[in-house]
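Novice:
There are 4 protein chains.
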Amino acid sequence: MIIVMSHSATKAEIDAVVERIEEIGLKAELSRGEERTVLGVIGGNAYAYKDAFSHLGGIQEIIPITKPFKLASREFRRSDTVVDVGGLKIGNDEVVIMAGPCSVEGEEMLLDTARHVAAQGARVLRGGAFKPRTSPYSFQGLGEAALKMMAAARDETGLKVVTEVVSPGDVELVGKYADILQLGTRNMQNYALLQEAGRAGKPVLLKRGMSSTIEEWLLAAEYILSQGNRDVILCERGIRTFETATRFTLDLNAVPLVRELSHLPVIVDPSQATGKWTLVGPMSLAAIAAGANGLIIEVHPTPNQALSDGAQSLDFAAFDRMMADVRRLLGAMQKQLA
Amino acid sequence: MIIVMSHSATKAEIDAVVERIEEIGLKAELSRGEERTVLGVIGGNAYAYKDAFSHLGGIQEIIPITKPFKLASREFRRSDTVVDVGGLKIGNDEVVIMAGPCSVEGEEMLLDTARHVAAQGARVLRGGAFKPRTSPYSFQGLGEAALKMMAAARDETGLKVVTEVVSPGDVELVGKYADILQLGTRNMQNYALLQEAGRAGKPVLLKRGMSSTIEEWLLAAEYILSQGNRDVILCERGIRTFETATRFTLDLNAVPLVRELSHLPVIVDPSQATGKWTLVGPMSLAAIAAGANGLIIEVHPTPNQALSDGAQSLDFAAFDRMMADVRRLLGAMQKQLA
Amino acid sequence: MIIVMSHSATKAEIDAVVERIEEIGLKAELSRGEERTVLGVIGGNAYAYKDAFSHLGGIQEIIPITKPFKLASREFRRSDTVVDVGGLKIGNDEVVIMAGPCSVEGEEMLLDTARHVAAQGARVLRGGAFKPRTSPYSFQGLGEAALKMMAAARDETGLKVVTEVVSPGDVELVGKYADILQLGTRNMQNYALLQEAGRAGKPVLLKRGMSSTIEEWLLAAEYILSQGNRDVILCERGIRTFETATRFTLDLNAVPLVRELSHLPVIVDPSQATGKWTLVGPMSLAAIAAGANGLIIEVHPTPNQALSDGAQSLDFAAFDRMMADVRRLLGAMQKQLA
Amino acid sequence: MIIVMSHSATKAEIDAVVERIEEIGLKAELSRGEERTVLGVIGGNAYAYKDAFSHLGGIQEIIPITKPFKLASREFRRSDTVVDVGGLKIGNDEVVIMAGPCSVEGEEMLLDTARHVAAQGARVLRGGAFKPRTSPYSFQGLGEAALKMMAAARDETGLKVVTEVVSPGDVELVGKYADILQLGTRNMQNYALLQEAGRAGKPVLLKRGMSSTIEEWLLAAEYILSQGNRDVILCERGIRTFETATRFTLDLNAVPLVRELSHLPVIVDPSQATGKWTLVGPMSLAAIAAGANGLIIEVHPTPNQALSDGAQSLDFAAFDRMMADVRRLLGAMQKQLA
């Protein structure tokens with residue numbers, strides 16, 4: 001932590017800051033510049049103490065210099081984390097496709113979709129059982145019944161299963177059926193849920209909060225990692241901005257940047273991020289070109305009849321075109337599908 | 001719901017939309033303009049069906065025209081809701097002050113603060129027992145011990161108690177001690193928690209999500225209201241924008257606008273919204289001038305030693321100055337403190 | 001400027017940074033902490049050199065510590081700037097009301113409005129002659145004819161005149177008629193215009209860019225100040241956020257914060273900031289309560305017939321109610337109208 | 001335009017709206033639904049009249065249904081616009097690379113860069129002569145001297161020249177040297193400049209305003225198009241969001257969406273959008289994968305010595321790696337460099 005004193009700070013004000021630093025057991029290092037004095041604060045977790053100075057006079061700014069996340073950082077672990085989902089590797093040079101309906105609406109539509117996406121090269125089946133919906137009057141998901149259908153689809157197709165859990169009390173239940181626990185954008189800072197998921201012994205897919213900075217996202221991952229669970233997959237799914245022509249703004253800058261800052265794998269959800277199925281294909285390719293480790297795509301046999309998010313779901317034909325484009329792109333990048 | 005057809009939509013495309021409308025049991029009303037055809041969709045909860053058209057050709061835009069919240073709307077209830085918290089009224093012409101530390105750090109500091117703010121005219125004691133913190137390494141609150149300290153402070157001072165609950169599993173526990181359950185900004189779309197709070201039989205203070213629109217905020221209130229709990233107090237606490245000079249951007253536009261759209265009381269949290277104690281006084285006055293029904297303010301006996309959010313906490317002297325200003329302002333507005 | 005080296009920076013990397021610092025004529029001051037090395041860079045305008053290090057290895061972060069604005073800062077000038085507009089003082093303890101139509105649409109409507117607002121206590125007449133409109137098909141203003149009408153209204157009512165200038169080539173023309181040159185939100189970073197306005201020898205009303213940080217706003221003021229023109233009045237007019245229920249989000253936090261950071265007066269435009277006339281009254285009061293030095297308000301004799309921004313214009317009756325409320329509020333604050 | 005009446009609107013209120021519609025010469029079409037009445041307004045440019053209703057009682061919402069841009073829309077022109085810059089085609093299936101220094105700092109560095117990027121396959125030389133800088137104390141560009149250097153570099157390398165113009169008064173001067181006039185992000189709504197550029201008889205590269213919606217961007221294009229200049233190239237360069245880890249948030253969603261809404265070519269500036277050279281390569285590939293018609297890239301022989309934006313400039317080696325990746329990607333997409 002660095003404390004920048006104001007241009008007009010008095011000697012007494014500087015002394016008071018130094019005294020406070022020592023009082024809380026840290027060490028002060030003073031640099032008197034031409035224009036102002038700067039204090040380096042050394043030792044301990046200085047980040048935790050920044051409020052300790054906020055009411056003292058003569059301070060211009062307090063700047064933390066240590067990244068607040070540790071276990072999630074590249075500094076902590078140089079090599080890429082590769083998450084192993086029952087043999088399926090996420091985070092290496094191969095690209096993983098997760099696909100399926102927004103909500104599980106019934107057995108048949110789920111199986112149809114699972115068979116179709118598996119045949120095209122997807123390796124993970126997505127599908128909502130517990131749906132967090134903005135309105136209490138929207139369809140809220142089929143709950144455990146949907147989980148059972150997903151498990152059945154896994155048995156038939158060999159796809160792994162990822163599905164969202166929205167409440168700490170449901171972690172155990174969802175964990176019984178799912179291979180990967182998904183934490184959604186509205187729950188990225190639901191710390192009770194993060195901790196419970198961290199203790200569940202399953203890989204976790206952590207979606208970025210729609211208004212979370214990359215730093216907060218990595219801190220949310222830190223909650224899971226600090227429970228001993230090292231199998232965290234990050235998912236960029238669009239952030240909220242002033243632009244209303246798309247549902248969210250897909251922040252692909254985050255993909256290469258997170259790969260610099262962290263060792264965790266990053267996948268992209270172009271369905272949520274655009275809200276418009278015609279944009280899903282181009283943004284899927286863009287995500288892979290930017291270096292994403294995978295995609296999670298909404299696919300529905302008859303999107304016009306979907307109970308949720310039909311506008312952003314691909315039908316089978318559009319999914320097939322996307323997969324053909326993805327394969328061609330991977331070829332050019334000397335990569336391949338997982 | 002209105003479906004605007006593209007300029008170049010064919011007759012077959014228009015017919016297909018009409019057919020789909022009738023298929024799902026709604027009624028279509030066609031207006032052929034000079035430039036384009038517009039379809040009014042009548043009956044049912046058209047909002048729920050908007051995805052049903054997204055893959056049909058020739059559509060330019062689908063516009064919902066019914067507000068998606070009902071119980072929270074002024075159309076549903078003309079007169080202001082006045083929440084009764086054990087005799088304390090929130091939502092009428094009086095202004096309620098809630099004050100106390102960000103976190104409950106110990107018995108003595110809490111009691112000192114409670115006595116002080118009560119003497120100055122506050123009616124509700126705030127204080128965090130379960131703290132949602134961005135970093136897993138920050139102080140997380142004292143939990144039930146803190147709840148007991150707050151209850152003790154209530155017994156001594158007569159203040160009501162408001163405190164945050166962060167997990168559905170804790171609603172019962174927190175409800176045993178608190179007079180008002182607070183749902184925080186990071187949990188505004190934690191629907192499991194909203195529903196549990198809606199069933200708890202206690203007034204709920206619902207903070208706006210830091211990146212939630214006013215519509216989403218009222219829909220979150222709708223989750224609580226639809227469980228049969230009509231005692232919802234809204235709290236504007238700043239939204240996330242590109243401006244980084246303050247912690248958040250306090251959206252005071254929301255105060256008079258929510259009073260137009262809804263019958264629910266609205267209070268303001270200038271401590272969270274600014275992140276800087278020197279701005280808390282001016283923004284408190286601004287909030288009241290804009291028509292807020294109350295304030296919730298962070299106060300700490302020694303902010304430099306606070307375990308959380310010291311930078312935005314008022315010390316006793318600053319709180320006293322603020323309260324004197326508030327009284328003067330209320331006088332000019334022919335209002336008074338609750 | 002402070003350069004924070006990465007945890008894993010090598011000695012050679014640190015040496016390279018030190019060498020580069022000295023190469024550009026600055027002085028390095030090294031602090032070796034337990035976890036990482038931090039370099040203080042002393043002398044010169046370090047801010048200008050921050051790019052000089054961006055491609056060197058081993059750097060975690062480069063932090064400028066000097067505020068980039070100088071003439072606009074409180075550090076440069078402790079006492080408030082009071083702008084003198086032909087005898088009318090802006091920036092002292094009195095509050096100045098500027099009012100008038102969005103666009104000058106004709107002589108009669110302008111005179112009517114001018115007489116009315118003057119009678120109610122306004123001191124400055126606002127009105128658009130050159131209108132920056134989002135669409136090329138919207139009304140663009142009457143140009144010089146409108147300027148003449150405003151000058152005539154000044155002659156009759158004694159109001160000062162403020163009007164927008166949108167192009168460097170028009171500064172001289174507008175300056176012939178106006179008492180205050182207004183630079184609009186879309187031109188806050190039109191540097192050619194800022195500089196021309198800085199040389200015009202007239203007070204300048206500088207609206208905040210709708211997506212400008214407070215720092216950028218003060219830097220835009222710096223462009224004017226650095227041309228020798230010290231008469232800059234800042235105007236907060238709402239920023240662009242994700243919220244669409246209002247036209248912009250009025251950032252009242254900016255009012256007390258700018259008063260801390262700068263000696264320049266700050267006024268508020270609640271008409272532009274809300275886009276909705278029913279919110280103008282409450283937000284005017286909020287702005288004054290937050291410490292604004294004045295207001296600029298859109299008033300139209302018949303808002304439903306306005307050629308621009310009727311939705312946010314007050315009619316005469318609404319303006320009168322607002323002024324009565326403003327007087328009461330000022331009484332409580334022991335202030336008065338200018 | 002559609003006017004949605006409130007649930008509780010009276011017959012008199014509805015009649016008053018109908019009367020107003022007819023008064024301004026438009027035609028009303030009434031639909032009485034179960035819950036509320038909706039009025040279709042037919043004829044004329046209804047968009048221009050929306051303020052005409054804002055003070056009438058009983059209105060819930062006014063919804064424009066016509067896109068406000070015309071000449072820029074796909075509805076107006078089905079086939080892609082291909083801009084011809086002296087034989088170089090922009091907007092067809094080939095991808096155009098523009099590259100060069102942020103600022104032209106001198107003859108030698110410019111020529112070195114021009115030769116290098118031309119050899120690697122770039123077709124247009126970028127370089128700033130007039131620089132819009134946030135601070136008045138930053139380097140402002142070499143002006144006409146820089147323009148001459150660019151023209152000389154064109155003569156030697158055959159590259160076309162694109163450079164920014166910041167003031168209407170400079171359009172003629174810049175047009176003498178440049179093949180494409182660039183309008184920067186801070187000037188996207190500088191209408192005087194847009195119109196002047198529209199009359200200059202040169203292709204215009206229109207950067208998106210950093211806080212402009214896609215609709216506003218297309219309306220800015222409309223200003224140019226409506227002057228008779230059909231050669232507009234759009235450039236996505238990042239928007240301002242709450243995320244501060246990158247300089248801006250590159251909105252690649254905009255690329256396929258603008259291609260749907262408009263016939264104009266779209267290129268991408270990953271240098272400005274990221275502010276960090278290590279992200280430029282991945283985001284260049286992402287932009288092309290998303291369907292961009294070209295890239296504009298900052299390249300500098302020695303970025304650590306750049307007078308502006310060195311942090312986001314590629315050195316020659318990094319540019320070469322990027323170009324190799326681009327070629328491979330284009331191969332996979334069955335496209336090629338222009």
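Residue numbers (our numbering), protein chains in the order written: chain A, 1 to 338; chain B, 1 to 338; chain C, 1 to 338; chain D, 1 to 338. Where is the CB? At the ideal position from N, CA and C, for every residue including glycine. Since the model is a prediction, treat every value here as computed from it, not as a measurement.
#1: Could you run through the segment 228 to 245 of chain D and flag, in chain order, every residue whose CB is less than 9 Å away from some CB of chain A?
#2: Quick one: what's got a C-beta closer than 8 Å to residue 265 of chain C's C-beta in the same chain, skipping five residues either side?
#3: Does DSSP classify residue 84 of chain C as helix, strand or coil?
#4: For a contact meaning CB atoms closer than 8 Å, what does residue 31 of chain D contact in chain B?
#5: Going by DSSP, which residues form a beta bridge with residue 103 of chain C?
#6: Name the one or two DSSP bridge partners that residue 2 of chain B has.
#7: For residue 230 of chain D, write down the residues that DSSP places opposite it in a beta bridge.
#8: Quick one: what's got a C-beta closer than 8 Å to residue 74 of chain B's C-beta in the same chain, skipping five residues either side?
#9: Starting from residue 299 of chain C, follow the alpha helix (DSSP H) in both directions and report where the run begins and ends.
#10: If you measure from the beta carbon of residue 185 of chain D to each beta carbon in chain A, is any gap under 9 Å?
#11: Round the Cβ separation of residue 160 of chain D and residue 124 of chain D to the nearest angstrom and send it over; I've been treating them as touching at under 8 Å.
#12: Using a Cβ-Cβ cutoff of less than 6 Å, which residues in the same chain neighbour residue 99 of chain D once the five nearest sequence positions on both sides are dropped?
#13: Please go through the segment 179 to 222 of chain C and give each complete alpha helix (DSSP H) segment of 4 or more residues, from N-terminal end onward.
#14: Can you tell me whether DSSP reads residue 94 of chain C as helix, strand or coil?
#15: Have a look at residue 78 of chain A and residue 267 of chain A and give me their C-alpha separation to the nearest angstrom.
#16: I need the DSSP call for residue 20 of chain C, collapsed to helix, strand or coil.
#17: Beta-carbon separation of residue 282 of chain A and residue 289 of chain D under 9 Å?
#18: Output, in chain order, the set of chain C residues within a Cβ distance shorter than 7 Å of residue 192 of chain D.
#19: In the DSSP assignment, the alpha helix (DSSP H) including residue 78 of chain D goes from what residue to what residue?
#20: Using only the alpha-carbon positions, how far apart do residue 190 of chain B and residue 230 of chain D sit?
#21: Are residue 258 of chain B and residue 217 of chain B close, meaning C-beta to C-beta below 9 Å?
#22: Could you work out which residues of chain D lie near residue 16 of chain A, taking near to mean beta carbons separated by less than 9 Å?
#23: Would a C-beta distance cut-off of 9 Å place residue 304 of chain C and residue 247 of chain D closer than the cut-off?
#24: On a Cα-Cα basis, can you pick out the residue from B:127, B:178, B:111, B:302 that is closest to residue 314 of chain B?
#25: Output, in chain order, the set of chain A residues within a Cβ distance shorter than 8 Å of residue 4 of chain C.
#26: What are the residues of the segment 289 to 315 of chain A that lie near chain B, defined by any Cβ-Cβ distance shorter than 9 Å?
#27: Could you please give the first and the last residue of the uninterrupted beta strand (DSSP E) stretch that includes residue 10 of chain D?
#28: Does any CB atom of chain A fall closer than 9 Å to the CB of residue 251 of chain D?
#29: Just to confirm, are residue 59 of chain D and residue 8 of chain D a CB contact at a threshold of 9 Å?
#30: To the nearest whole angstrom, what separates the beta carbons of residue 63 of chain A and residue 2 of chain A, a pair I think is in contact under 8 Å?
#31: Closer than 8 Å by C-beta to residue 105 of chain D: which residues in its own chain qualify, once you throw out the five before and the five after it? Chain order, please.
#32: If I'm right that residue 182 of chain C touches residue 163 of chain C with Cβ under 8 Å, what's the distance once you round it to whole angstroms?
#33: Would you mind telling me which residues of chain A sit closer than 7 Å to residue 22 of chain C, beta carbon to beta carbon, in chain order?
#34: Since residue 259 of chain B is in the alpha helix (DSSP H), which residue starts that stretch and which ends it?
#35: If you compare alpha carbons, which of B:26, B:35, B:37, B:41 is closest to residue 31 of chain D?
#36: Taking only beta-carbon atoms, is residue 327 of chain D less than 9 Å away from chain C?
Specialist: According to the structure shown:
#1: From the segment 228 to 245 of chain D, only 238, 239, 240, 241, 242, 243, 244, 245 have a Cβ closer than 9 Å to chain A.
#2: Translated into the one-based positions of the third sequence, residue 265 of chain C becomes position 265. For residue 265 of chain C, the CB contacts under 8 Å within the same chain, skipping 5 residues up- and downstream, are 80, 81, 82, 83, 90, 91, 233, 234, 293, 294 in chain order.
#3: Taking the first residue of the third sequence as position 1, residue 84 of chain C is located at position 84. Looking at residue 84 of chain C - three-state DSSP - the assignment turns out to be strand.
#4: Start at 1 with the first residue of the fourth sequence, and residue 31 of chain D comes out as number 31. Those within 8 Å of residue 31 of chain D in chain B are 29, 31, 40, 42.
#5: For the purposes of this step, residue 103 of chain C is taken as residue 103 along the third sequence, with counting starting at 1. For residue 103 of chain C, which the question treats as bridged, DSSP gives the partners C:128.
#6: For this step, residue 2 of chain B is matched to residue 2 along the second sequence. In DSSP, residue 2 of chain B forms a bridge with B:40, B:63.
#7: The count along the fourth sequence starts at 1 and reaches residue 230 of chain D at position 230. Looking at the DSSP output, residue 230 of chain D shares a beta bridge with no other residue.
#8: On the second sequence, residue 74 of chain B is found 74 positions in, with the first residue counted as 1. Within the same chain, residue 74 of chain B has close Cβ partners 260, 261, 262, 263.
#9: Counting from 1 along the third sequence, the entry for residue 299 of chain C is found at position 299. Residue 299 of chain C -> no alpha helix (DSSP H), and no H or E assigned at all.
#10: Along the fourth sequence, read from residue 1 onward, the residue named residue 185 of chain D stands at position 185. Taking a beta-carbon distance threshold of 9 Å, residue 185 of chain D does not count as an interface residue toward chain A.
#11: Along the fourth sequence, one-based indexing puts residue 160 of chain D at 160. Along the fourth sequence, one-based indexing puts residue 124 of chain D at 124. Right, their Cβ atoms sit about 5 Å apart.
#12: Taking the fourth sequence and counting its residues from 1, one reaches residue 99 of chain D at position 99. Closer than 6 Å at Cβ, skipping near neighbours: 117, 122, 297, 299.
#13: Qualifying alpha helix (DSSP H) stretches, in chain order: 191 to 198.
#14: Here residue 94 of chain C refers to the residue found at position 94 when the third sequence is read from its first residue. If DSSP states are grouped into helix, strand and coil, residue 94 of chain C belongs with the strands.
#15: For the purposes of this step, residue 78 of chain A is taken as the residue at position 78 of the first sequence. For the purposes of this step, residue 267 of chain A is taken as the residue at position 267 of the first sequence. Rounded to whole angstroms, residue 78 of chain A to residue 267 of chain A spans 19 Å at the Cα level.
#16: Here residue 20 of chain C refers to the residue found at position 20 when the third sequence is read from its first residue. Of the three classes helix, strand and coil, the one that applies to residue 20 of chain C here is helix, per DSSP.
#17: On the first sequence, position 282 is the one that residue 282 of chain A refers to. On the fourth sequence, position 289 is the one that residue 289 of chain D refers to. Against a cut-off of 9 Å, the Cβ pair of residue 289 of chain D and residue 282 of chain A comes out as a contact.
#18: For this step, residue 192 of chain D is matched to residue 192 along the fourth sequence. Correct list: 166, 167.
#19: By one-based count along the fourth sequence, residue 78 of chain D stands at place 78. Note, residue 78 of chain D: premise wrong, no alpha helix (DSSP H); not H, not E.
#20: Taking the first residue of the second sequence as position 1, residue 190 of chain B is located at position 190. Taking the first residue of the fourth sequence as position 1, residue 230 of chain D is located at position 230. Distance between the alpha carbons of residue 190 of chain B and residue 230 of chain D: 50 Å.
#21: Within the second sequence, numbered from 1, the residue matching residue 258 of chain B stands at position 258. Within the second sequence, numbered from 1, the residue matching residue 217 of chain B stands at position 217. Yes; because the gap between Cβ atoms is below 9 Å, this pair is in contact.
#22: In the first sequence, the residue the question calls residue 16 of chain A occupies position 16. Result: empty, since nearest Cβ-Cβ is about 31 Å, beyond 9 Å.
#23: Along the third sequence, one-based indexing puts residue 304 of chain C at 304. Along the fourth sequence, one-based indexing puts residue 247 of chain D at 247. No, the Cβ-Cβ distance between residue 304 of chain C and residue 247 of chain D is not below 9 Å.
#24: The residue you call residue 314 of chain B lines up with position 314 of the second sequence. Taking only the C-alpha atoms, the option nearest residue 314 of chain B is B:302.
#25: Stepping through the third sequence from its first residue, residue 4 of chain C is reached at position 4. Residues of chain A passing the Cβ test: 65.
#26: Hits within the stretch, in order: 302, 303, 304, 305, 306, 307, 308, 309, 310, 311, 312, 313, 315.
#27: Position 10 of the fourth sequence holds residue 10 of chain D. Where residue 10 of chain D is concerned, there is no enclosing beta strand (DSSP E), given that its DSSP letter is neither H nor E.
#28: Within the fourth sequence, numbered from 1, the residue matching residue 251 of chain D stands at position 251. The beta-carbon of residue 251 of chain D is placed less than 9 Å from the nearest beta-carbon of chain A.
#29: Residue 59 of chain D sits at position 59 when you count from the first residue of the fourth sequence. Residue 8 of chain D sits at position 8 when you count from the first residue of the fourth sequence. No, Cβ-Cβ distance for residue 59 of chain D and residue 8 of chain D is not below 9 Å.
#30: Taking the first sequence and counting its residues from 1, the one referred to as residue 63 of chain A is at position 63. Taking the first sequence and counting its residues from 1, the one referred to as residue 2 of chain A is at position 2. About 5 Å; that satisfies the 8 Å criterion.
#31: Start at 1 with the first residue of the fourth sequence, and residue 105 of chain D comes out as number 105. Only 142, 306, 307 meet the Cβ criterion.
#32: On the third sequence, residue 182 of chain C is found 182 positions in, with the first residue counted as 1. On the third sequence, residue 163 of chain C is found 163 positions in, with the first residue counted as 1. That pair is a contact at about 6 Å.
#33: For the purposes of this step, residue 22 of chain C is identified with residue 22 of the third sequence, where counting begins at 1. Within 7 Å Cβ-Cβ: nothing; residue 22 of chain C doesn't reach chain A, min ~16 Å.
#34: Mapped onto the second sequence, residue 259 of chain B falls at position 259. Following the DSSP letters along the chain, one finds residue 259 of chain B inside the alpha helix (DSSP H) bounded by residues 254 to 261.
#35: In the fourth sequence, residue 31 of chain D corresponds to position 31, counting from 1. Selected option, being the one with the closest Cα: B:41.
#36: Within the fourth sequence, numbered from 1, the residue matching residue 327 of chain D stands at position 327. Not an interface residue.
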